[in-house]
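Peer 1:
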DNA sequence: GTAGGGTTAG
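Pasting the structure below:
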């Protein structure tokens, strides 16, 4: 939890960072010179896909066909561009011409399946490799481990890793990196760290030599930092450097970002200076992280200072820099400053990103200035930009919030003409908007027409309509839809249950509310605090304090923490009912001040 | 010619 003191320190640190002239002077000398120890990570050259495909098609038509191995280069090029569908299409074309890939080609296909969440087919390709009399190697297994991680089959990935070691294969830094990165990305940072220690300390046997590199460490570092395990991250950073692997701008950036997001500005600042002392230039990403962190703390002035500072240092801000600061201003309600920045960006003469417009439009929308928001929308059109679906979504929300259903309808009807297709979020906005603007009929109509057209509606869409139906007192229709959810292959969310319970309560059907609650309880579904709150609110409003207390007791028994909404119910209960205050004290969780968060 | 590829917004 970020404390206010921390936030204040953060602001001071950042101010110091941008305002202290001596430091600035020092920084400028350091940063003007090229990094002394730079071993920059060089991105692979941009692949000319058109060229690769042309080459491929030419080979495909050549008679007699060229050696099979010559197909691998274009296949690899398209695979590297992550165009998995295209790669598979290419293999199909080859099959159509009776061309069967060689060992390398089969690995390209296998990896392609693994990357596109079809690890099963990856294993099938390995089957073919074996059938053809080849042996899988560590490359084969590395791809499969990645595929398993992508599909969240972490246990399988780990057991495959151990199995291949037992079979005498030697995982290398790429295999470890794949496994550790896959574990981190699938939310298993703790396991990733354990595996790392296991590999590092040699427990995996087989005489493995642990020779990690910067990329390997960065994967794990990022995982730890994102998970908020900063102590572990710092330790790992030290371990890495202790092995003679010097951090670069990315490694520093990863840790700095983690510290920022954890509110540790002193630590972040320290690292930032340490990095510059080493002659490693912060790049636009580093600055963007700092600007974001400052904005999040509400320190937009310091963030602006940071922007000026980076420009002074000759680092070009990108659209993320601008969007971040713009959003910071909007968040604070400083729409004039936002507009000023926006104009400044526009005057730079570079092509604006539509996302930049979207940020400002959303700012105006949030602060109920629909006129400015719409004016910006017209700017997008007149400046020959293309609005995105996000632009429309923001404006639709604004128009519905303003109760301007006519304009919302009109805008929606114009989307297609702008070449923008609605997405599920758009439909949800419409359904919710119609319901909340006394146009339940229109919401139902839209819902039905979407269903009829075979559009896969999501739970959120159903929730919108369910809420609309309940609030309009159409309980029977709501129940009908609720019962239809399984047919639509949708599972009710906690919010769905709350809507239904609330609907019953509001219409005086407390018994039905309770029954649904019991169904949820008995189905083994973990009720969340919101579901309890809804039912308790219903009892409270119906002057049934005994049942409220009963539910509070139930919550306590399963250590479900009350929230601020629970608190309002309790306050309400105490204000209108005498004799319950003593009883409430007996409820363990509620009387334990360390566990109750009622802020 | 096949495997990991790392930091930033919404």
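Numbering (UniProt numbering), first residue to last: 1 to 599. Just so you know, even glycine gets a beta-carbon here, dropped at the ideal spot from N, CA and C.
#1: State the Cα-Cα distance for the pair residue 336 and residue 445, rounded to the nearest angstrom.
#2: Going by DSSP in three states, residue 355 sits in which element: helix, strand or coil?
#3: Kindly indicate the opening and closing residues of the alpha helix (DSSP H) around residue 576.
#4: For residue 82, I'd like the list of residues in its chain whose CB is within less than 6 Å of its CB, leaving aside the five on either flank, ordered along the chain.
#5: Could you tell me whether the region 405-422 touches the region 373-389, using the rule of 3 or more Cβ pairs below 8 Å?
#6: Report the rounded CA-to-CA distance for residue 469 versus residue 460, giving the unit in angstroms.
#7: The alpha helix (DSSP H) spanning residue 234 covers which residue range?
#8: Give a yes or no on whether the C-beta atoms belonging to residue 462 and residue 475 are separated by under 8 Å.
#9: Tell me the rounded alpha-carbon separation between residue 498 and residue 234.
#10: For the candidate residues 292, 298, 252, 288, whose alpha-carbon lies nearest to that of residue 277?
#11: So the candidates are 122, 457, 198, 309; which of them puts its Cα closest to the Cα of residue 209?
#12: Could you tell me the alpha carbon to alpha carbon distance between residue 316 and residue 350, rounded to whole angstroms?
#13: Ends of the alpha helix (DSSP H) at residue 82?
#14: Short of 7 Å in beta carbon distance, which residues of its chain neighbour residue 2, apart from the five on each side in sequence? Order them along the chain.
#15: State the DSSP-derived secondary structure class of residue 276, mapped to helix, strand or coil.
#16: Within its chain, find whatever has a CB closer than 6 Å to the CB of residue 15; leave out the 5 residues flanking it on each side and keep chain order.
#17: Suppose only complete runs of 4+ residues qualify. What are the alpha helix (DSSP H) ranges in the UniProt repeat "PPR" (423-457), listed by chain order?
#18: In angstroms with no decimal places, state the Cα-to-Cα distance between residue 66 and residue 142.
#19: For residue 219, which residues in the same chain have their Cβ closer than 7 Å to its Cβ, ignoring the five residues on either side in sequence?
#20: Which residue marks the beginning of the alpha helix (DSSP H) containing residue 245, and which one marks its end?
#21: Could you have a look at residue 327 and say whether DSSP puts it in helix, strand or coil?
#22: DSSP three-state label for residue 213, please.
#23: Give me, in chain order, the residues of the same chain whose beta-carbon lies closer than 8 Å to that of residue 333; leave out the 5 immediate sequence neighbours on both sides.
#24: Say whether the region 560-575 touches the region 534-543, bearing in mind that this needs 3 or more beta-carbon pairs closer than 8 Å, one atom from each stretch.
#25: How far does the alpha helix (DSSP H) with residue 558 in it reach, from first residue to last?
#26: Look at the alpha carbon of residue 403 and the alpha carbon of residue 434, and state the distance between them as a whole number of angstroms.
#27: Once you ignore the five residues that flank residue 228 on each side, which residues in its own chain have a CB closer than 7 Å to its CB?
#28: Three-state secondary structure (DSSP) at residue 372?
#29: Among 419, 494, 479, which one has its Cα closest to the Cα of residue 509?
#30: Looking at residue 501: is its Cβ nearer than 8 Å to the Cβ of residue 516?
#31: Looking only at its chain, what residues have a beta carbon closer than 6 Å to the beta carbon of residue 579, apart from the 5 residues adjacent to it on each side?
#32: Please work out which residues of its chain come closer than 7 Å, Cβ to Cβ, to residue 359, disregarding the five sequence neighbours upstream and downstream, and give them in chain order.
#33: Starting from the C-beta of residue 345, find all residues in its chain whose C-beta is less than 7 Å away, skip the five residues before and the five after it, and write them out in chain order.
#34: What residue from 388, 385, 347, 394 has the CA that sits closest to residue 361's CA?
#35: Can you tell which of 292, 430, 71, 144 has its C-alpha closest to the C-alpha of residue 104?
Peer 2: The answer reads as follows:
#1: As a working mapping, residue 336 is identified with position 336 in the first chain. As a working mapping, residue 445 is identified with position 445 in the first chain. Their backbone Cα atoms lie some 41 Å apart in a straight line.
#2: Here the question's residue 355 lines up with position 355 in the first chain. Helix.
#3: Counting from one through the first chain, the residue named residue 576 turns up at place 576. That run of the alpha helix (DSSP H) goes 564-576.
#4: Counted from its first residue, the first chain places residue 82 at position 82. Sequence-distant Cβ neighbours of residue 82 in its own chain, meaning closer than 6 Å and more than five residues away, do not exist here.
#5: Result yes; three or more Cβ-Cβ pairs closer than 8 Å.
#6: Taking the first residue of the first chain as position 1, residue 469 is located at position 469. Taking the first residue of the first chain as position 1, residue 460 is located at position 460. Roughly 14 Å separates the two Cα atoms.
#7: Along the first chain, read from residue 1 onward, the residue named residue 234 stands at position 234. Here the alpha helix (DSSP H) through residue 234 covers 230-242.
#8: Here the question's residue 462 lines up with position 462 in the first chain. Here the question's residue 475 lines up with position 475 in the first chain. The answer is no: Cβ separation not under 8 Å.
#9: The residue you call residue 498 lines up with position 498 of the first chain. The residue you call residue 234 lines up with position 234 of the first chain. So the alpha carbons of these two residues sit roughly 43 Å apart.
#10: The residue you call residue 277 lines up with position 277 of the first chain. Nearest of 292, 298, 252, 288 to residue 277, Cα basis: 252.
#11: Here residue 209 refers to the residue found at position 209 of the first chain. Looking only at 122, 457, 198, 309, the smallest Cα-Cα distance to residue 209 is reached by 198.
#12: As a position in the first chain, residue 316 is number 316, starting the count at 1. As a position in the first chain, residue 350 is number 350, starting the count at 1. Their Cα atoms are separated by approximately 12 Å.
#13: Counting from 1 along the first chain, the entry for residue 82 is found at position 82. Residue 82 -> no alpha helix (DSSP H), and no H or E assigned at all.
#14: Working through the first chain from its first residue, we reach residue 2 at position 2. Bear in mind that the predicted position of residue 2 carries a pLDDT of just 32, short of 50, making it unreliable; the figure below should be weighed with that in mind. 263, listed in sequence order.
#15: Sequence index remark: in the first chain, residue 276 carries index 276 (1-based). Helix.
#16: Translated into positions along the first chain, residue 15 becomes position 15. For residue 15, the pLDDT reaches just 34, beneath the cut-off of 50, and the residue's location in the model is therefore unreliable, although a value from the coordinates is still provided. Excluding its 5 nearest sequence neighbours in each direction, residue 15 has C-beta neighbours in its own chain below 6 Å: 302, listed in chain order.
#17: Listed in chain order, they are 424-436, 440-452.
#18: Position 66 of the first chain, counted from the start, is the residue given in the question as residue 66. Position 142 of the first chain, counted from the start, is the residue given in the question as residue 142. In this structure, the alpha-carbon of residue 66 lies about 30 Å from that of residue 142.
#19: Start at 1 with the first residue of the first chain, and residue 219 comes out as number 219. Cβ contact annotation for residue 219 (same chain, cutoff 7 Å, sequence separation greater than five): 177, 180, 181, 184, in chain order.
#20: Residue mapping note: residue 245 aligns to position 245 of the first chain, counting from 1. First-last for residue 245: undefined, no H or E at that position.
#21: For the purposes of this step, residue 327 is taken as residue 327 along the first chain, with counting starting at 1. Of the three classes helix, strand and coil, the one that applies to residue 327 here is helix, per DSSP.
#22: In the first chain, counting from the first residue as 1, residue 213 sits at position 213. Residue 213 carries a coil assignment under DSSP once its states are collapsed to helix, strand and coil.
#23: Position 333 of the first chain, counting from 1, holds the residue named residue 333. Contacts found: 367.
#24: Yes: at least three Cβ pairs fall under 8 Å.
#25: Stepping through the first chain from its first residue, residue 558 is reached at position 558. In the DSSP annotation of this structure, residue 558 is not part of any alpha helix (DSSP H), being labelled neither H nor E.
#26: Counting from one through the first chain, the residue named residue 403 turns up at place 403. Counting from one through the first chain, the residue named residue 434 turns up at place 434. CA-CA distance, residue 403 to residue 434, rounds to 10 Å.
#27: Working through the first chain from its first residue, we reach residue 228 at position 228. Cβ within range, chain order: 262.
#28: One-based indexing of the first chain puts residue 372 at position 372. For residue 372, the three-state secondary structure derived from DSSP is helix.
#29: Numbered from 1 along the first chain, position 509 holds the residue referred to as residue 509. Checking every option, the nearest Cα to that of residue 509 belongs to 479.
#30: For the purposes of this step, residue 501 is taken as the residue at position 501 of the first chain. For the purposes of this step, residue 516 is taken as the residue at position 516 of the first chain. Against a cut-off of 8 Å, the Cβ pair of residue 516 and residue 501 comes out as a contact.
#31: The residue given as residue 579 occupies position 579 in the first chain. The answer is none, since no qualifying residue turns up.
#32: Against the first chain, residue 359 aligns to sequence position 359. Cβ neighbours of residue 359 beyond the five flanking positions: 323, 326, 327, 330.
#33: The residue given as residue 345 occupies position 345 in the first chain. The beta carbon of residue 345 sits closer than 7 Å to those of 322, 352, 356, all from its chain and outside the five residues before and after it, given in chain order.
#34: Position 361 of the first chain holds residue 361. That would be 394, whose Cα lies nearest to the Cα of residue 361.
#35: Translated into the one-based positions of the first chain, residue 104 becomes position 104. Taking only the C-alpha atoms, the option nearest residue 104 is 71.
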